[in-house]
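Q:
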Amino acid sequence: MTARIIDGKAIAADLRQRVADEVARVKREHQLTPGLAVVLVGNDPASEVYVRSKGRQTEAAGMASFEHKLPADVTQDELLTLIARLNRDPVVHGILVQLPLPNGLDPRAIVAAIDPAKDVDGLHPFNAGRLASGLPALTPCTPLGCIILAKSVHPSLDGLDAVVIGRSTLVGRPLVQLLLNENATVTIAHSRTRDLAGLCRRADLVIAAVGRPAMVKGDWLKPGATVIDVGINRLPGGADGKSRLIGDVAYDEAVEVAGAITPVPGGVGQMTVACLLVNTLRAACAIHGAPPPAV
Ligand code: NDP
């Protein structure tokens, strides 16, 4: 049996369209144009690509996009001053500081300075704490995307055995909370976990967010399991001398065992920016006192 391929590209395109429809509605009914400010410090080429793509997709959804590019030697105080200004700016409803930041800047302090109501990356301790308490919160975009992809296979995750590999604040930890909210039974694995293969073999849903190319092997999976591969690993040997992208799952093996699987690229990566648009729209409605959008 070959697994069903979960088409992140199509699911993300559908989500972006639903966001665009809701943006058009809130503009019409509430005279509200959601606005997203993205702050890029330095000139890391991968970050520049991400930021450009975020700006393009924000505008395509009918929202306002504000890009702030700062030199790598900007001081912590200068960056904090910009964030304070964006916190006060009424046309900005979402603030995202592109990570990683250059050395010398403290990402925790920068993220903590963002108004939690505008924290569309969901990384502020206020939002992380609300999520962990089971309260409504702005939640990190990649985990949100993983849940949508998993639900494209299992409309209800109720009672499923899920294993999340990775416990970062960006992906693994919030993902566990979101899965608990969906009533999955969750195990979180990390570099100290014993018998990771055995753990995965018992799971209905395996989500890998590790950063190690092709670590999860086909024989780690229960036949028919759903596999969500968050990993983005750049290896040499792609077309035109460029790098090629490899997930954390050994795709060619896993596709023969799993029931459904996300490809890399074309899976989770596509969902992250689409979920950022969702969060920006939700933040804008909440700040404006409009009812929550239907996405
Ligand atoms: P981090 O490096 O912050 O976390 C990696 C996690 O994997 C850690 O918890 C670590 O454990 C765990 N780990 C490392 N080695 C092993 C191992 N041998 N066995 C089990 N667990 C292990 O990474 P991120 O969470 O930020 O990202 C993970 C991956 O997802 C990366 O490839 C990244 O590029 C990708 N990513 C993709 C996104 C997308 O949009 N698709 C967005 C964000 C990330 P420990 O805590 O013990 O060190």
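Its first residue numbered 825, the sequence shown is counted upward by one per residue in the numbering used here. Ideal Cβ positions, reconstructed from N, Cα and C, are used throughout, including at glycine.
1) Give the secondary structure of K893 by DSSP, where H, G and I count as helix, E and B as strand, and everything else as coil.
2) Hey, could you find the ends of the beta strand (DSSP E) L786 is sitting in?
3) Which partner residues of I1012 appear in the DSSP bridge assignment?
4) Going along the chain, which residues of its own chain have a beta-carbon closer than 6 Å to the beta-carbon of T1009, five neighbours each way excluded?
5) Using only alpha-carbon positions, find the residue among L1059, V1030, G1093 that is nearest to V1081.
6) Got a sec: does the ligand NDP put a non-hydrogen atom nearer than 7 Å to the Cβ of A1013?
7) Nearer than 7 Å: is that true of the beta carbon of S992 relative to any heavy atom of the ligand NDP?
8) Looking at R1025 and the ligand NDP, is the gap between the Cβ and the nearest heavy atom below 7 Å?
9) In angstroms with no decimal places, state the Cα-to-Cα distance between L1069 and T1017.
10) Quick check on Q1094: buried or exposed, where buried means 16 or more other Cβ atoms within 10 Å of its Cβ?
11) Name the DSSP bridge partner or partners of T1050?
12) Starting from I934, trace the alpha helix (DSSP H) both ways and give me its first and last residue.
13) Within 10 Å of its beta-carbon, does K878 have 16 or more other beta-carbons around it, so buried, or fewer, so exposed?
14) Under the DSSP definition of a beta bridge, which residues are partnered with R1068?
15) With the cut-off set at 8 Å, would you say V935 and L962 are in Cβ contact?
16) Can you find the residues in the same chain that come closer than 6 Å, C-beta to C-beta, to N951, ignoring five residues on each side of it along the sequence?
17) Can you tell me which residues form a DSSP beta bridge with V865?
18) Give the DSSP bridge partners of G918, in chain order.
19) Can you tell me the Cα-Cα spacing of L1003 and N927, whole angstroms?
20) Would H948 and H1112 be called neighbours here (beta carbons separated by less than 8 Å)?
21) Rounded to whole angstroms, what's the CA-CA distance from D982 to L894? Just pull it up for me.
22) Is H917 buried or exposed, if buried means 16 or more other CB atoms sit within 10 Å of its CB?
23) Does at least one heavy atom of the ligand NDP sit under 7 Å from the Cβ of T857?
24) In whole angstroms, what separates the C-alpha of A1118 from that of D1064?
A: Taking the coordinates as given:
1) strand
2) Shown here, the chain extends from 825 to 1119; a query on residue 786 therefore has no answer.
3) V988
4) D985
5) V1030
6) yes
7) yes
8) no
9) 26 Å
10) buried
11) L1029, A1084
12) 931 to 937
13) buried
14) L1059
15) no
16) P940, D943, A961, L962
17) L894
18) L860
19) 34 Å
20) no
21) 45 Å
22) buried
23) no
24) 42 Å
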